[in-house]
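Residue numbers (the working numbering): 7 to 287.
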């Protein structure tokens with residue numbers, strides 16, 4: 007017996023999405039093409055009914071800042087409160103953790119050579135909360151527990167796409183050895199291409215985004231050809247959030263994946279926004 011990985015859900019997490027939800031702008035022309043991507047996600051989650059979500063995301067200064075920035079941090083808490091890190095977004099519902107599974111994953115990661123930060127107290131920001139608000143908009147309480155895995159996409163030096171993929175594969179090994187029939191969804195949160203500052207502020211590379219969307223399911227190795235620095239040049243400095251998706255894809259395992267739904271829209275607050283669901287083929 008081991009955990010059952012039902013598939014992966016990949017989503018953008020732009021703070022502006024939270025503002026649009028708070029204002030009720032989902033049907034306005036600027037936002038509607040983006041929000042139209044989520045009913046199929048909700049239908050899939052309703053059908054598959056996961057128990058736990060392993061969430062690969064990047065913290066935006068809520069837990070970690072430039073003076074102390076772990077490359078990889080894994081939550082091992084019983085609960086994870088959401089807080090607004092300065093965007094003026096509503097504070098979302100507190101998430102329940104799964105400490106037993108968290109520690110099992112942590113042990114596998116350390117055993118696989120990953121020097122990670124273990125967090126028995128951890129807050130979560132918009133990067134984790136917004137994908138859930140999009141997936142479960144009417145929930146009185148989040149219907150899944152979480153294991154958050156924060157990846158540094160802010161402070162140089164950054165982990166490479168290959169290293170993040172290997173991190174995900176180690177998480178997959180932990181799930182394969184977890185002696186429980188827990189139904190697990192893997193979530194990759196971030197991106198796609200965008201740059202928020204500097205001379206290239208507003209930069210978007212739709213060709214690279216579509217390359218990632220086209221290859222993530224069944225040729226993830228294609229996304230590992232570039233260094234993190236090359237990804238920043240190709241996709242914008244904040245476009246390196248694609249490593250969260252790459253890690254999540256690694257956590258799905260080596261088997262073929264089928265695409266359940268995909269949505270891609272430009273722009274959302276100067277960001278190329280996407281939604282993708284993969285399930286074992």
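Every residue, glycine too, gets a C-beta built ideally from N, C-alpha and C.
Under the three-state reduction of DSSP output, residue 15 falls in the strand class. Contiguous alpha helix (DSSP H) elements confined to the region 176-258 occur at 212-221, 234-241 and 248-257, taking only those with 4 or more residues. Taking a cut-off of 8 Å for Cβ pairs, the region 128-138 and the region 17-29 touch, as three or more such pairs fall below it. Contact check for residue 287 against residue 257 fails: the beta carbons are separated by 9 Å or more. When the five nearest sequence neighbours on each side are left out, the beta carbons in the same chain lying within less than 6 Å of the beta carbon of residue 168 are those of 230, in order along the chain. With a threshold of 16 other beta carbon atoms within 10 Å, residue 241 meets it and is buried. When DSSP reads this structure, residue 130 sits in a beta bridge with 88. DSSP, read as helix, strand or coil, puts residue 38 in helix. Under the Cβ criterion (8 Å, minimum of three pairs), the region 144-151 does not count as touching the region 22-34. Of the residues 252, 141 and 21, the one whose Cα lies closest to the Cα of residue 224 is 252. Here residue 184 is not near residue 49, since their CB atoms are 9 Å or more apart.
Taking C-beta separations shorter than 8 Å and ignoring five residues to either side along the sequence, the partners of residue 42 in its chain run 269, following chain order. Annotated three-state conformation of residue 123 is strand, per DSSP.
With a contact defined as Cβ atoms closer than 8 Å, residue 91 and residue 97 miss out at about 11 Å. Three or more Cβ pairs closer than 8 Å define a contact, and the region 74-82 meets that threshold against the region 122-136. Taking a cut-off of 8 Å for Cβ pairs, the region 185-200 and the region 65-74 do not touch, as fewer than three such pairs fall below it. Buried is the label assigned to residue 151, since at least 16 other Cβ atoms lie within 10 Å of its Cβ. For residue 61, the uninterrupted beta strand (DSSP E) run begins and ends at 58-63, by DSSP. Within the region 127-171, the runs of alpha helix (DSSP H) that reach at least 4 residues and sit entirely inside it are, in chain order, 132-141.
In the DSSP annotation of this structure, the continuous segment of the alpha helix (DSSP H) that includes residue 107 starts and ends at 105-117. Look at residue 49 here: in three-state DSSP terms it is helix.
Residue 29 sits in a helix when the DSSP states are folded into three classes. At a Cβ-Cβ threshold of 9 Å, residue 112 and residue 210 do not count as neighbours. Here residue 108 really is in contact with residue 153; their C-beta atoms are around 5 Å apart, less than 8 Å.
With 16 or more other Cβ atoms from the protein chains shown falling within 10 Å of its own Cβ, residue 165 counts as buried. Closest in C-alpha terms to residue 115, from the list 170, 163 and 133, comes 170. Only residues of its own chain outside the window of five on either side were considered, and among them 72 and 75 have a CB closer than 8 Å to the CB of residue 161, listed in chain order.
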